[in-house]
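What follows is one structure encoded as structure tokens, with my remarks underneath.
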Amino acid sequence: SALIIGNIGWKCEKGYHEATNKFMTDAPSGWEHSSNARDNPYDSNDDDDETAVTTRKRIQASTTTASTTTINRYEPSHLQWEASQPKVPTNWKFETPRSCKNITNFNPTNHSANRDNIDQKIIVHYHMQHNAGTNFFVVADRHVPCATRACWQTDKHCLVSLKEEVEAENIRSNYERYGVQYVSYEMMLPPRFPLPFVSEEARRGLFFTTIVRDPFQRFLSYLRRHEFEDNGSGAKSPFWIDLQGSKGVYHGDNLNVRWLSGAQGKISSDHINAAKCRLQLFDLVIADKLYDHAVAKVMCPLNGWKDSSYCVDEIPKGEHRSKPDPLENKTDPLFIGAWVERLRPSFEIYDYARILSWKQMKERGVEGLPELSEVPSYMATLAGYAGTKVTDGHFRKIRRVSLENEDYFSPPVEFCDGMKQIWTSNPDEIPNAYGIGTIMKGFHPELRNEKKPA
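For what it's worth, the numbering used here labels the leading residue of the sequence shown as 7, then goes sequentially.
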């Protein structure tokens, strides 16, 4: 099949070109169905995964047999995680974040006595790179005694255990002893690592948030940062680098899906469903276009924040001014179409996040929300570059993004039940994750010097 909008067209086939076909095994082969459909476009015939039913059985059978620190080829691909056992420092203990050295407004004795009646929530944020997490940290940092822009595993801020009760106790203890009321995980999550936590006991006193941004806007931020001389279409483009097997934590390709699911290689529908299962567990999913409403109407009242800059009664209308597009009028439109198609897994995650975000805020009584756009985000992106309007004709084949269609975008209930069983059955082992602040690797050059005071 082919999708043509204006002067942009992209043919949805497995083999795009003889010279590059061998590198494009994880690009989706269709565009009409969601990951909840039986004939899912993200599963290809050469994938070694079995049918969805068999996969669910293997999920349940894997809850107690595998460790996340080594790869087990007999596991379903979405549970495989290639990592070595982390080597913790000899004197592994909590180190106060640099920004929290001079805490003056926190008295630990007022909080440790009433653990079951905490009126202040500890915010646990999952920060996917280039998803506005730094802006969110700036807001939180103005209102909490101590906030970690990135939680350092080396300093026992987070990632102390795969067992959610142990990990949760570490977070609560760091709040009671040191005032750490905002914890930001910025890393690719191992498939078995429980974030957000599942059980009521583990979640006690915690409030889980994440921000999900339009994947193409996130990709443009990636391009701006790396300043590709070829405008994203030549040999230095992450499009070709990713396809040729260059793997790492900070993919230009489908980072949101990879970080939420732990997909280190090819992305399957099971990875997408696992990512959606995680999203369902967040107390607040913040879609990018609802960010201001989320901060002012949910986060500020949550802990009684008072701030004339962020905690406002009226949300300014209109779009935030965007930065210049590094691809506009510089890149072949067909190549833009190729990128949109390649990011289809992340577009699906984004559309589901938009539904969850809008629904969660409505349930919390937030008024004045902008209307939820029914246009699938990948179509809106293509139409934006083509200058073409999406009409009702397009919706004869493609589902609208709406609360009425939530079940269509949702992952299978049995699949999420299986993942929850895994996330609540982990042994008390130290996880090895990849990203900022982890023990083994993944340090961000801009944050490397923030770890310890000079």
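Yeah, the Cβ is synthetic: ideal placement off N, Cα and C, and Gly gets one too.
Its chain contains LYS127, ILE129 and ASP289 as the residues whose beta carbon lies nearer than 6 Å to that of PHE213, once the 5 sequence neighbours on both sides are disregarded; these appear in chain order.
With a cut-off of 8 Å on Cβ pairs, the region 178 to 188 is not in contact with the region 341 to 355, counting fewer than three such pairs. CA-to-CA, the gap between ARG148 and ASN309 works out to about 13 Å. In the three-state reduction of the DSSP assignment, PHE222 falls in the helix class.
Within the region 135 to 174, the beta strand (DSSP E) runs of at least 3 residues that lie entirely inside it are, in chain order, 152 to 154.
DSSP, reduced to helix, strand and coil, places HIS299 within a helical segment of the structure shown. Annotated three-state conformation of THR216 is strand, per DSSP. The C-alpha of HIS84 lies about 43 Å from the C-alpha of LYS312. The C-alpha of PHE415 lies about 17 Å from the C-alpha of PRO221. Take ARG284, set aside five residues on each side of it, and the residues of its chain with a beta-carbon closer than 6 Å to its own are LEU266, in chain order. The Cβ neighbour count for GLY441, taken over all protein chains shown within 10 Å, is at least 16; the residue is labelled buried.
CA-CA distance, GLU373 to LYS329, rounds to 29 Å. ALA439 carries a coil assignment under DSSP once its states are collapsed to helix, strand and coil. Assigned with DSSP and collapsed to three states, LEU290 falls in strand. Assigned with DSSP and collapsed to three states, ILE361 falls in helix. Per the C-alpha coordinates, the member of TRP158, GLN366, PRO437 and ILE404 positioned closest to HIS299 is GLN366.
With contact defined as three or more Cβ pairs closer than 8 Å, the region 135 to 146 and the region 198 to 210 are not in contact. Taking the Cα of LYS272 as reference, the smallest distance to any Cα among PRO433, GLY211 and LEU349 is reached at LEU349. Here DSSP, grouped into helix, strand and coil, assigns HIS277 to helix. In this structure, the alpha-carbon of VAL318 lies about 39 Å from that of LYS99. Excluding the 5 residues flanking it on each side, VAL186 has same chain C-beta neighbours closer than 6 Å at CYS152 and ASN180, in chain order. Inter-residue distance for HIS163 and ASN432 is about 20 Å (C-alpha atoms, whole angstroms).
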